[in-house]
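The C-terminal position of the sequence shown is numbered 106 in our numbering, with every residue numbered one higher than the one before it. I have placed the structure first, in the form of structure tokens, so that the comments after it can refer back to it.
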Amino acid sequence: MSDFHSSVSCSDVFCQGSHLEDSHLDCSHLESLKTEFITTISHQVRTPLSVIFLSVELLKLHGEDCTEAMQQAYLSQIYHAAKEINTLFNETLPMIDADLA
6 MSDFHSSVSC SDVFCQGSHL EDSHLDCSHL ESLKTEFITT ISHQVRTPLS
56 VIFLSVELLK LHGEDCTEAM QQAYLSQIYH AAKEINTLFN ETLPMIDADL
106 A
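What follows is the structure in structure tokens.
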């Protein structure tokens, strides 16, 4: 029967425990960063979506009373907000895909 204690020193066990603790802290930090990232992306998507919904709602309710210039302004707001969301997804999705790979 081999003597386990003779092949493993206390410093080896302490060192391994320290590495595990560091790994746990790294994982916790990564999870925190992911949560912050998702919160930020969610906010950045919701803001232009609010512009789109509000502009569409105003056009639905008051479109016939709006001048052509006002209608074009609302359509322009919708277009730019949709373009902002598209840009955000085009910049973000490759990072998410890389993280999942």
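We put the beta carbon where it would ideally sit given N, CA and C, even for glycine.
When you compare only the Cα positions, how much space is there between C32 and A103? 17 Å
What are the start and end residues of the alpha helix (DSSP H) that includes T97? E73 to L105
Among F42, S28, D27 and L30, which one has its Cα closest to the Cα of I101? F42
Classify P99: buried if its beta carbon has 16 or more other beta carbons within 10 angstroms, exposed otherwise. exposed
For F58 and A74, I'd like the C-alpha separation in whole angstroms. 19 Å
Roughly how many whole angstroms lie between the Cα atoms of E69 and L35? 52 Å
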